[in-house]
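Counting from 1, one number per residue, gives the positions in the sequence shown under full-length UniProt numbering.
One structure is given below, encoded as structure tokens.
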Amino acid sequence: EEQQLKSVGDVTLTWLHRGSETLGRKLVDAVRGFEFPAGDVHAFVHGEAGFVREIRRYLRFERELPRERMSVSGYWRAGHDEDGWRSSKREWNAVDEADEAKAAGRRG
């Protein structure tokens, strides 16, 4: 499905249709191939936890976006119901914190 979206800003919208691809693969590839504009870049990435983590790691550690310019959250997890995801999200967040600590050790 594609919907008409109106914006007063200068927006380029690209619809990504999953087809037979793995969940999130087209989005991960699109983010990796995106040419960032000059200046301050901010990222808002919320979605399925598996591909959200991959995008977060790319933005944070390869593109070196400062943490304060990113809002990243795994809102759900493929194969889990809401209770299952809630019960494992603390562990998911701990892995992200460990990623940050490792990166800080490499930089410092």
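Even for Gly, the Cβ is constructed at its ideal location relative to N, Cα and C.
Bear in mind the structure is a predicted one, so any value in this text is a computation, not a measurement.
Query, Result
"Quick one: what's Ser73 bridged to in DSSP?", "His46"
"Taking only the alpha-carbon atoms, compute the straight-line gap between Trp85 and Leu65 and give it to the nearest angstrom.", "27 Å"
"Span of the alpha helix (DSSP H) holding Val31?", "Arg25 to Gly33"
"Residues in its own chain within less than 8 Å of Leu16 by CB, not counting five upstream and five downstream?", "Lys26, Leu27 and Ala30"
"Pick from Asp81, Glu82 and Tyr58: whose alpha carbon is nearest that of Asp96?", "Tyr58"
"Please confirm whether Lys89 and Gly79 have their CB atoms less than 8 Å apart.", "no"
"Between the Cα of Thr14 and the Cα atoms of Thr22, Glu21, Ser20 and Leu5, which residue gives the shortest distance?", "Leu5"
"With a cut-off of 8 Å on the beta carbons, I'd call Arg69 and Val41 a contact; round off their distance for me.", "7 Å"
"Compute the beta-carbon to beta-carbon distance between Ser71 and Phe44, rounded to the nearest angstrom, for a pair I have assumed lies under 8 Å.", "5 Å"
"Taking 8 Å as the threshold (C-beta atoms), are Arg77 and Ala94 in contact?", "no"
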